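Trainee:
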Amino acid sequence: MSAHTPVQPAGRYQPPDVRRRQILDAVAGLLLEDGYEALTVSKVATRAGVAKGTVYLYFDSKQEMLAALQARMWEHILETPAALLDRADLTWTQRLDGLVAAWVTAEQQHRELYHRLFHELGPAGEEPLTAARDLLITILRNGHTAGEFDVPDPELTADFLTHAYAGPCHHNTHSDLTPAIQTLFHRVVAAHTSHKNP
14 MSAHTPVQPA GRYQPPDVRR RQILDAVAGL LLEDGYEALT VSKVATRAGV
64 AKGTVYLYFD SKQEMLAALQ ARMWEHILET PAALLDRADL TWTQRLDGLV
114 AAWVTAEQQH RELYHRLFHE LGPAGEEPLT AARDLLITIL RNGHTAGEFD
164 VPDPELTADF LTHAYAGPCH HNTHSDLTPA IQTLFHRVVA AHTSHKNP
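Per this note's numbering, the very first residue in the sequence shown carries number 14; after that it's consecutive.
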């Protein structure tokens, strides 16, 4: 996701998925430059190279655009760890490590946009952390059943972990925290195995 690059329209007609992406890219860029309060549908349209009415074909309000941008970021964050669930060659510890790596990478590589979207503004629509929490619960529950984790309450543990990892990322901006945070997750779930990351 390149939030700083202005969208360049490529002709009048664009497929709906392309047009939607252009609009959300414009929202991301404007959020980073001017903040949420200055965001308007008119500015988004200009940035995306479309008419104002076109924006309204996809989104009813800037709040709806924000919710869609949050959802898109989480979809991107969870794409790789979700695919790990189908990898029979991996332990549940490796799957957990893959999820942590995706979270930390997103927090550090897209720090400013991530902070604006999730720390400053909060959820704009359906809670965007729900999919992340559900994926973590699946990993914890299956890891517990397999005997790798000691997690009798995967829901509570997932709630704790989904909020705990962000703090270290926020306060340590110049180092790769992935191995350290993976180790902390191992301790919380009492992981009985330690394997090389996928």
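Each residue gets a CB set at the ideal place from its N, CA and C atoms; glycine is no exception.
No experiment lies behind these values; they were computed from the predicted model shown.
Please report the residue range of the alpha helix (DSSP H) in which His199 lies.
Mentor: Here residue 199 is taken as the residue at index 186 of the sequence shown, counted from 1. Start and end: 191 to 202.
Trainee: Let me know the secondary structure DSSP gives His160 once reduced to three states.
Mentor: Numbered from 1 along the sequence shown, position 147 holds the residue referred to as residue 160. As written in the sequence, residue 160 is Gly, which differs from the His given in the question. DSSP places Gly160 in coil when its eight states are reduced to three.
Trainee: Can you tell me where the alpha helix (DSSP H) holding His89 begins and where it ends?
Mentor: Stepping through the sequence shown from its first residue, residue 89 is reached at position 76. Run containing His89: 75 to 97, per the alpha helix (DSSP H) assignment.
Trainee: Less than 8 Å between the C-beta atoms of Tyr71 and Ile36, yes or no?
Mentor: In the sequence shown, residue 71 corresponds to position 58, counting from 1. In the sequence shown, residue 36 corresponds to position 23, counting from 1. In contact: Tyr71 and Ile36 (Cβ atoms closer than 8 Å).
Trainee: Are at least three pairs of beta-carbons, each pair with one atom in the region 163 to 179 and one in the region 189 to 203, less than 8 Å apart?
Mentor: Enough Cβ pairs lie closer than 8 Å, so yes.
Trainee: Report, in whole angstroms, the separation of the C-beta atoms of Pro94 and Ala64, which I expect to be a contact under 8 Å.
Mentor: Walking along the sequence shown from the start, residue 94 turns up at place 81. Walking along the sequence shown from the start, residue 64 turns up at place 51. Not really, about 38 Å apart at Cβ, beyond 8 Å.
Trainee: Can you find the residues in the same chain that come closer than 7 Å, C-beta to C-beta, to Ala39, ignoring five residues on each side of it along the sequence?
Mentor: Stepping through the sequence shown from its first residue, residue 39 is reached at position 26. If we look at Ala39 and ignore the five residues flanking it on each side, its Cβ neighbours are Val20, Val57, Arg60, Ala61.
Trainee: Compare the beta carbon distance of Ala144 and Thr175 with 8 Å and say whether it is the shorter of the two.
Mentor: Mapped onto the sequence shown, residue 144 falls at position 131. Mapped onto the sequence shown, residue 175 falls at position 162. Not in contact: Ala144 and Thr175 (Cβ atoms no closer than 8 Å).
Trainee: What is the rounded straight-line gap between the Cα of Glu77 and the Cα of Tyr26?
Mentor: Counted from its first residue, the sequence shown places residue 77 at position 64. Counted from its first residue, the sequence shown places residue 26 at position 13. Spanning the two alpha carbons is a distance of roughly 23 Å.
Trainee: How would you write the range of the alpha helix (DSSP H) that Tyr71 sits in, first residue to last?
Mentor: Counted from its first residue, the sequence shown places residue 71 at position 58. 65 to 71 is the extent of the alpha helix (DSSP H) around Tyr71.
Trainee: In chain order, what residues of the same chain have a beta carbon less than 7 Å from the beta carbon of Leu112, not counting five sequence neighbours either side?
Mentor: Taking the sequence shown and counting its residues from 1, the one referred to as residue 112 is at position 99. Answer for Leu112: Pro94, Leu148, Leu149, Ile152, listed in chain order.
Trainee: By Cβ distance below 8 Å, which residues in the same chain neighbour Gly48 in space, the five residues on each side in sequence not counted?
Mentor: The residue you call residue 48 lines up with position 35 of the sequence shown. Arg129.
Trainee: Could you tell me which of Thr158, Thr67, Ala171 sits nearest to Val31, measuring between CA atoms?
Mentor: By 1-based counting over the sequence shown, the position of residue 31 is 18. Ranking Thr158, Thr67, Ala171 by Cα distance to Val31 puts Thr67 first.
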